[in-house]
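Here is the structure we will look at.
Numbering (my numbering), first residue to last: 2 to 393.
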């Protein structure tokens with residue numbers, strides 16, 4: 002005989018259990034959604050410095066996406082004079098230049114950031130392959146780093162392990178030259194940039210008034226086996242940094258000593274830069290100290306951003322996709338003194354400027370459609386800040 006009361010009780014128990022499970026699942030999903038939404042409202046950003054005393058190190062901050070307010074985290078990694086930071090795209094791993102190597106050489110640190118807390122842990126460190134490393138460029142294959150060592154003008158190549166830790170220096174190229182300016186007594190490699198094809202490494206050399214172009218061998222012989230060409234810039238200009246247009250047809254180079262932007266066409270078949278135009282970043286009639294520090298181009302290739310020193314301005318240019326030519330559309334104060342570096346976050350809504358002399362970081366909101374920027378009210382203080390690094 003069937004006990005209907007027992008069957009009914011069991012069915013009710015099963016129903017209650019399923020309902021409770023559904024409620025828990027919905028609650029957990031809602032909680033995760035809220036946490037994810039909260040996380041999307043901010044991101045962590047890191048800053049390199051040129052400090053050599055007890056305040057040296059990598060600093061961190063939390064950027065509020067709604068307001069542009071920066072909430073300082075203080076020193077997140079105790080590293081000596083970390084002047085340049087560079088994230089591996091789509092990774093929490095990044096690298097930092099540093100002082101303190103043997104026999105006067107520099108160091109490269111591998112680090113990892115925690116996306117939930119902003120905390121930074123050191124993975125490992127090795128020699129930079131030269132003196133005073135000042136620039137880092139990871140390749141798209143996540144196999145190698147290219148380093149510009151400023152003092153002895155050595156461009157070095159470092160091999161990475163599968164886990165993105167640093168392995169060893171596998172190639173070095175020394176650059177030579179000089180120029181008429183007092184800072185050009187010898188060659189000084191200021192950057193090492195991979196072209197969009199990944200076949201060439203370009204190194205603007207401030208001391209030599211040249212851009213050295215290394216063609217990487219197809220057999221993976223690396224930088225050590227690379228053939229070298231060079232482009233000479235006008236005497237005393239001091240090439241500093243360069244960026245490529247996303248279409249791979251144009252290249253933009255800033256001259257630190259004359260505060261100018263040079264536009265080139267780029268032939269990726271043979272690794273050739275052909276000059277198109279040169280523009281002054283300073284206002285007409287400006288007299289005084291002149292220099293330029295950094296440049297960046299938007300992902301859509303429509304806008305170029307440049308910071309100059311002396312006037313301490315951020316200049317926005319419209320970029321012609323057909324000719325590569327640039328035309329100024331905005332000029333604003335950086336909100337500090339002696340801008341050293343700036344960077345946009347991955348969405349390109351926010352642009353942060355590291356103002357070295359005023360020990361400050363200022364925030365700008367960027368309009369994706371017009372390319373124009375708006376200064377936000379908040380800023381933070383960081384001693385001798387020299388670099389801004391967002392996760393890419």
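By construction, the Cβ of each residue, glycine as well, lies at the ideal position given by its N, Cα and C atoms.
List the whole-angstrom C-beta distance separating residue i from residue j, where the pair is believed to meet the contact cut-off of C-beta under 8 angstroms.
| i | j | result |
| --- | --- | --- |
| residue 326 | residue 84 | Not really, about 33 angstroms apart at Cβ, beyond 8 angstroms. |
| residue 245 | residue 205 | 13 angstroms between Cβ atoms; not a contact. |
| residue 66 | residue 43 | 6 angstroms |
| residue 172 | residue 223 | 5 angstroms |
| residue 46 | residue 78 | Not really, about 14 angstroms apart at Cβ, beyond 8 angstroms. |
| residue 218 | residue 227 | 6 angstroms |
| residue 242 | residue 295 | 6 angstroms |
| residue 124 | residue 113 | 6 angstroms |
| residue 318 | residue 334 | Actually they are not in contact, since the Cβ atoms of residue 318 and residue 334 sit about 17 angstroms apart, beyond 8 angstroms. |
| residue 97 | residue 130 | With 8 angstroms as the limit, residue 97 and residue 130 do not qualify as a contact, their Cβ atoms being about 15 angstroms apart. |
| residue 289 | residue 237 | With a Cβ gap of about 17 angstroms, residue 289 and residue 237 do not count as contacting. |
| residue 145 | residue 160 | 6 angstroms |
Using DSSP with H/G/I as helix, E/B as strand and the rest coil, what is residue i?
| i | result |
| --- | --- |
| residue 285 | coil |
| residue 217 | coil |
| residue 25 | Residue confidence for residue 25 is low, a pLDDT of 45 falling below 50, so the modelled location carries little weight; the figure read from the coordinates is stated next. Residue 25 falls in the helix class under three-state DSSP. |
| residue 103 | helix |
| residue 86 | strand |
| residue 200 | coil |
| residue 260 | coil |
| residue 226 | helix |
| residue 168 | strand |
| residue 41 | helix |
| residue 49 | strand |
| residue 183 | coil |
| residue 236 | coil |
| residue 75 | strand |
| residue 68 | coil |
| residue 206 | strand |
| residue 58 | coil |
| residue 177 | coil |
| residue 299 | coil |
| residue 211 | strand |
| residue 344 | strand |
| residue 359 | coil |
| residue 365 | strand |
| residue 9 | Caution applies to residue 9, whose pLDDT of 47 falls short of 50 and renders its modelled position unreliable; the value that the coordinates give is listed next. If DSSP states are grouped into helix, strand and coil, residue 9 belongs with the helices. |
| residue 195 | strand |
| residue 276 | strand |
| residue 97 | strand |
| residue 339 | coil |
| residue 246 | coil |
| residue 371 | coil |
With a threshold of 6 angstroms on Cβ separation, who are the neighbours of residue i within its own chain once the five nearest residues in sequence on each side are excluded?
| i | result |
| --- | --- |
| residue 260 | 282, 283, 291, 292, 293 and 309 |
| residue 175 | 155 |
| residue 54 | none |
| residue 188 | 154, 176, 177, 178, 206, 208 and 209 |
| residue 73 | 62 and 381 |
| residue 263 | 254 and 279 |
| residue 332 | 314 and 316 |
Using a Cβ-Cβ cutoff of less than 7 angstroms, which residues in the same chain neighbour residue i once the five nearest sequence positions on both sides are dropped?
| i | result |
| --- | --- |
| residue 99 | 80, 81, 82, 83, 107, 108 and 110 |
| residue 20 | With a pLDDT of 48 at residue 20, under the threshold of 50, the modelled position of that residue is not reliable, and no figure is offered here. |
| residue 360 | 382, 383, 384, 385 and 386 |
| residue 25 | Since pLDDT at residue 25 reaches only 45, below the 50 mark, its modelled position is unreliable, and the value read off the structure follows with that caveat. Contacts found: none. |
Is residue i a contact residue of the ligand ADP, with contact defined as CB to any heavy atom under 7 angstroms?
| i | result |
| --- | --- |
| residue 57 | No copy of the ligand ADP occurs in the structure displayed, which carries no ligand at all. |
Excluding the 5 residues flanking residue i on each side, which residues of the same chain have their C-beta closer than 8 angstroms to its C-beta?
| i | result |
| --- | --- |
| residue 379 | 68, 69, 70, 71 and 364 |
| residue 358 | 337, 338 and 339 |
| residue 162 | 168 |
| residue 349 | 299, 300, 367 and 369 |
| residue 287 | 311 and 312 |
| residue 75 | 60 and 61 |
| residue 269 | 196, 197, 198, 200, 201 and 249 |
State whether the stretch 228-236 contacts the stretch 205-214, with contact taken as three or more CB pairs (one from each stretch) at a distance under 8 angstroms. Contact between the stretch 228-236 and the stretch 205-214 is present, because at least three Cβ pairs lie under 8 angstroms.
What are the uninterrupted segments assigned as beta strand (DSSP E) that are 3 or more residues long and contained completely in the stretch 303-333, given in chain order? 304-310 and 314-320
Counting Cβ pairs closer than 8 angstroms, one from the stretch 335-353 and one from the stretch 311-327, do we hit at least three? yes
Write down every uninterrupted run of the alpha helix (DSSP H) in the stretch 102-155 whose length is 4 residues or greater and which is fully enclosed by it, in chain order. none
Would you be able to state if there are at least three C-beta pairs under 8 angstroms between the stretch 183-192 and the stretch 162-173? no
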